[in-house]
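> Just so you know, we're using my numbering here: the sequence shown kicks off at 1 and counts up by one.
Note that the Cβ used here is the ideal one computed from N, Cα and C, for glycine as well.
Dropping a structure here in structure tokens format, bear with me for questions.
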Amino acid sequence: MRQYFKSLALAALLACGGVLTLHAAPAANVQQKDQINWLTDFSQASALAKKESKPLFLYFTGSDWCPWCKKMDKEIISTTGFQKALGNSCIFVYLDFPHYTALDKKTQEQNEGLMKTYGVRGFPTVILLDPNQKKIAQLGYEQGGGEAFAEKVQKTLETYAKTQH
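Written as structure tokens, this is what we have:
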């Protein structure tokens, strides 16, 4: 009987480990979104954008509660296609509004202020800014995957650049 319970316990442990492994393994075309250097301090990001003459990519998300945000993370932001296409062309700012994770007061106030400044009313929202913080465009989740979204961002930035010269 004792051997039976040991075998049962071992089987349960292995089954749980297998489930955890399956949950933790990302799909083949998905990388962690930290392959892009995401900043959370807007002042720092803005200074870097000016220094490097790059646009700002502000990503407003409700990472731990918003189903469309989770979908955008999985299908767009975390994909290799998105990251390869845009990784070095923008300064990326991650502006989270979580329900189940506490943000420090400074970050929370910053994020709420930016949300108000740029008229963000829902999640997920991407705001593209020029290096001087002038709003270029506002985008949301769109089907088509990371490469298609990156292409839309690139075309938007190219069109804006043509109007500035």
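Tell me the DSSP secondary structure of S7 in three-state form.
Along the sequence shown, one-based indexing puts residue 7 at 7. In this prediction, S7 has a pLDDT of 49, which is less than 50 and means its spatial position is unreliable; what the coordinates show is noted afterwards. Assigned with DSSP and collapsed to three states, S7 falls in helix.
> Can you give me the C-alpha to C-alpha distance between K135 and I127, rounded to a whole angstrom?
Residue numbering aside, residue 135 sits at position 135 when the sequence shown is read from its first letter. Residue numbering aside, residue 127 sits at position 127 when the sequence shown is read from its first letter. Each residue's alpha carbon lies about 7 Å from the other.
> State the Cα-Cα distance for the pair V153 and K106, rounded to the nearest angstrom.
In the sequence shown, residue 153 corresponds to position 153, counting from 1. In the sequence shown, residue 106 corresponds to position 106, counting from 1. C-alpha separation (whole angstroms): 29 Å.
> If you check the beta carbons only, do F92 and N37 fall under 8 Å apart?
If you number the sequence shown from 1, residue 92 lands on position 92. If you number the sequence shown from 1, residue 37 lands on position 37. Against a cut-off of 8 Å, the Cβ pair of N37 and F92 comes out as a contact.
> Below 7 Å CB to CB, which residues in the same chain sit around L129 once its five sequence neighbours on both sides are set aside?
On the sequence shown, residue 129 is found 129 positions in, with the first residue counted as 1. P55, L56, L58, K135, I136, listed in sequence order.
> Which residue spans inside the segment 90–162 form an unbroken alpha helix (DSSP H) run of at least 4?
105–117
> Note down, in chain order, each residue of its chain lying with its Cβ closer than 8 Å to the Cβ of M115, except the 5 sequence neighbours on either side.
Counting from 1 along the sequence shown, the entry for residue 115 is found at position 115. Taken in chain order, the residues that qualify are F60, L95, F97.
> Distance, Cα to Cα, G145 vs E75?
Working through the sequence shown from its first residue, we reach residue 145 at position 145. Working through the sequence shown from its first residue, we reach residue 75 at position 75. Their Cα atoms are separated by approximately 5 Å.
> Are the CB atoms of Q143 and Q83 nearer to each other than 8 Å?
Within the sequence shown, numbered from 1, the residue matching residue 143 stands at position 143. Within the sequence shown, numbered from 1, the residue matching residue 83 stands at position 83. Not in contact: Q143 and Q83 (Cβ atoms no closer than 8 Å).
> Just reading off the beta strand (DSSP E) that T61 is part of, what are its end residues?
Position 61 of the sequence shown holds residue 61. First-last of the beta strand (DSSP E) with T61: 56–61.
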